[in-house]
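A quick write-up on the structure given underneath.
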Amino acid sequence: MQVPPELADTGITYRQLDYWIDKGHVRPEEPHPGSGNGRRYPAEEIEIAKRIKANLDCGYSLHAAARIAREDA
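Numbering (this note's numbering), first residue to last: 320 to 392.
Structure follows, in structure tokens:
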């Protein structure tokens with residue numbers, strides 16, 4: 320599996336993104352489309368994922384990074 324093309328240059332891995340979805344930090348259009356099917360993401364959620372990654376890179380915990388990313392949205 321791969322991350323969406325919009326996130327390919329961010330360094331976010333598919334496993335990270337999947338974990339963030341499981342924790343509710345990123346919300347795809349359809350969370351569980353079925354095995355082998357790619358998820359689609361609204362533009363707002365792509366931006367949230369980018370902000371989470373940037374916040375993590377600054378040293379925040381995942382919970383804090385996601386909270387800050389949503390507050391900034």
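The C-beta atom is built at its ideal place from N, Cα and C for all residues, glycine as well. Note that the coordinates shown come from a computational prediction; the quantities given were computed from them, not determined experimentally.
ask   = Cα-Cα, which of E349, I387, K369 is closest to Q335?
value = In the sequence shown, residue 335 corresponds to position 16, counting from 1. Closest by alpha carbon: K369.
ask   = Can the beta-carbon of I365 be found less than 8 Å from the beta-carbon of R389?
value = The residue labelled residue 365 in the question sits at position 46 within the sequence shown. The residue labelled residue 389 in the question sits at position 70 within the sequence shown. No; because the gap between Cβ atoms is not below 8 Å, this pair is not in contact.
request  = Going by CA-CA distance only, name the one from K342, R358, E348, D328 that's closest to L381.
outcome  = Counting from one through the sequence shown, the residue named residue 381 turns up at place 62. Looking at the Cα atoms, K342 is the closest of the given residues.
query = What span of residues does the alpha helix (DSSP H) with E364 cover, start to end?
reply = Taking the sequence shown and counting its residues from 1, the one referred to as residue 364 is at position 45. Residues 362–376.
ask   = Count the other CB atoms within 10 Å of the CB of T332; is the residue buried (16 or more) or exposed (fewer)?
value = Along the sequence shown, one-based indexing puts residue 332 at 13. By the 10 Å Cβ count, T332 comes out exposed.
request  = Taking all protein chains shown into account, decide if R359 is buried (16 or more other Cβ within 10 angstroms of its Cβ) or exposed.
outcome  = Taking the sequence shown and counting its residues from 1, one reaches residue 359 at position 40. It counts as exposed.
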